[in-house]
Amino acid sequence: MTAAYVNGRNDFTNAGITASLGVKAFSFAWTSVAALLLATFGFCAATRGHHRRKVRDRQYATGGTRTGRFWRGRSRVAVDPPPAT
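And the structure:
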């Protein structure tokens, strides 16, 4: 981001146009980038933790439909298609 600004500023200066960006604008831009990265890492960590809890609950659960045993134990019944008319 900073390198792109410097390249743009140099091009504007070479064309005879003044270009400047203040400290507050740069700090706002870099703070938003930092917040985006922090949110991305937080989201990844939260989803990974949820997956670990899910696996742990599946391994150590003692019964009930929470583990999915009810659904795995059911036999699958084929449904006949409707008669052709």
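Counting in the numbering used here, the final residue of the sequence shown is number 87, and the numbers go up one at a time with none missing.
From the three backbone atoms N, C-alpha and C, an ideal C-beta is built for every residue, glycine too.
Because the structure is a prediction, the values reported are computed rather than measured.
Residue span of the alpha helix (DSSP H) that contains residue i, given as start and end
{"i": "Gly10", "result": "Thr4 to Asn16"}
Simplified DSSP state of residue i, which is helix, strand or coil
{"i": "Ala1", "result": "The question about residue 1 has no answer, for the chain in this structure spans 3 to 87."}
{"i": "Ala21", "result": "coil"}
{"i": "Gly66", "result": "Below a pLDDT of 50, predicted positions are generally treated as unreliable, and Gly66, at 48, falls in that range; the measurement from the model is reported next regardless. Residue state, collapsed to three classes: coil."}
Beta-carbon contacts of residue i that lie in its chain and below 6 Å, excluding the five residues immediately before and after
{"i": "Asp13", "result": "none"}
{"i": "Gly18", "result": "none"}
{"i": "Ala21", "result": "Arg11 and Phe14"}
7 Å CB neighbourhood of residue i in its chain, flanking five on each side removed
{"i": "Leu23", "result": "Tyr7"}
Among the options, the one whose alpha carbon lies nearest that of residue i
{"i": "Val25", "options": "Ala86, Thr4, Phe45 and Pro84", "result": "Thr4"}
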